[in-house]
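Notes follow once the structure below has been shown.
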Amino acid sequence: FSFYSSEFLRTYFWSLAMEIFYENPVFGTGYAGLYQYENPEFGSVHSQWIDQLMRSGLVGTLLYIVCHVFIFARNFHVNPEICAWLVCLIIFGAFNETTKEIPIGFIFFTLLNFAFYENVKQKDV
2 FSFYSSEFLR TYFWSLAMEI FYENPVFGTG YAGLYQYENP EFGSVHSQWI DQLMRSGLVG
62 TLLYIVCHVF IFARNFHVNP EICAWLVCLI IFGAFNETTK EIPIGFIFFT LLNFAFYENV
122 KQKDV
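Sequential numbering of the sequence shown, starting at 2, is according to the numbering used here.
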C-alpha cells in the first residue's frame, strides 16, 4: 500500500473510528464524525457500518440494524427485489457510505415508512 492509497486511508479511518468507538461505546460520539478529532479534512470513515457504530454507538447501530431487518421482513415475500437491493446496500455499506448519502437515505427511509404503513394498514383491517 502506498501512504495515500484508498486502501490505506480506509483501513486507517476504520481503525481510528474503532478506537473512538471504544471510548464511547453506548451512545457514540454524535454526528460530527472524524471532523471533531484529528482529521478535519476527512469527516467520513468510508464504511457505513463502522461510521454508524462510531457516531451512534451500540444503541444507534442496533436501532439501525432493526430498521434494516424490519424493511427486509416486511418485503421478503411481497417485494423480493427490495430485499435484494437492501442486501446490496448492506454489503456496499462495508466499504462506503450508503444511507448517509441523500438519495439513498431518502429511499431507505421511504421503504421504512412503507414498512410501517403496511403494518398499520393490516391492523386496521
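Positions of the beta carbon are idealized from the N, C-alpha and C atoms, including for glycine.
Just how far apart, CA to CA, sit F96 and A18? Sequence index remark: in the sequence shown, residue 96 carries index 95 (1-based). Sequence index remark: in the sequence shown, residue 18 carries index 17 (1-based). Roughly 14 angstroms separates the two Cα atoms.
By how many angstroms is the C-alpha of T99 removed from the C-alpha of G106? Residue 106 sits at position 105 when you count from the first residue of the sequence shown. Residue 99 sits at position 98 when you count from the first residue of the sequence shown. Taking the straight line from one Cα to the other gives about 7 angstroms.
Let me check understanding here. Comparing Cα to Cα, which of G61, F9 and E8 lies closest to Y32? Residue mapping note: residue 32 aligns to position 31 of the sequence shown, counting from 1. Among G61, F9 and E8, the Cα nearest to that of Y32 is on G61.
>> Distance check for C68 and V88, CA to CA, integer angstroms please.
In response: Walking along the sequence shown from the start, residue 88 turns up at place 87. Walking along the sequence shown from the start, residue 68 turns up at place 67. Computed Cα separation, rounded: 13 angstroms.
Query - Per-residue DSSP class, three states only, for N97 - result: Your numbering for residue 97 matches position 96 in the sequence shown. In the structure shown, N97 sits in coil (DSSP, three-state: anything other than H, G, I, E or B).
Rounded to whole angstroms, what's the CA-CA distance from F110 to W86? Just pull it up for me. Indexing the sequence shown from 1 puts residue 110 at position 109. Indexing the sequence shown from 1 puts residue 86 at position 85. Those two C-alpha atoms are separated by around 14 angstroms.
Check: How many angstroms separate the CA atom of Y144 from the CA atom of F73?
Finding: The question about residue 144 has no answer here: the residues shown for the chain are numbered 2 through 126.
Worksheet entry | DSSP three-state assignment for E102, whether helix, strand or coil | Translated into positions along the sequence shown, residue 102 becomes position 101. In this structure, E102 counts as coil in the three-state DSSP scheme.
Helix, strand or coil for A33 per DSSP? Here the question's residue 33 lines up with position 32 in the sequence shown. The answer is coil: DSSP assigns A33 none of H, G, I, E or B.
**Message:** Quick check: the Cα distance between T12 and I51, rounded to an integer number of angstroms?
**Reply:** Locating residue 12 in the sequence shown gives position 11, where the first residue counts as 1. Locating residue 51 in the sequence shown gives position 50, where the first residue counts as 1. Cα to Cα, T12 sits roughly 11 angstroms from I51.
query = Is it right to say N114 is buried, meaning 16 or more other beta carbons lie within 10 angstroms of its own, or is it exposed?
reply = As a working note, residue 114 is residue 113 in the sequence shown. Classification for N114: exposed.
TODO: Under 8 angstroms by Cβ, that's how I've got Q84 and F93 pegged, so tell me the actual separation to the nearest angstrom.
DONE: The residue labelled residue 84 in the question sits at position 83 within the sequence shown. The residue labelled residue 93 in the question sits at position 92 within the sequence shown. The sequence as given places Cys at residue 84; Gln does not occur at that position. The Cβ separation is near 15 angstroms, so there is no contact.
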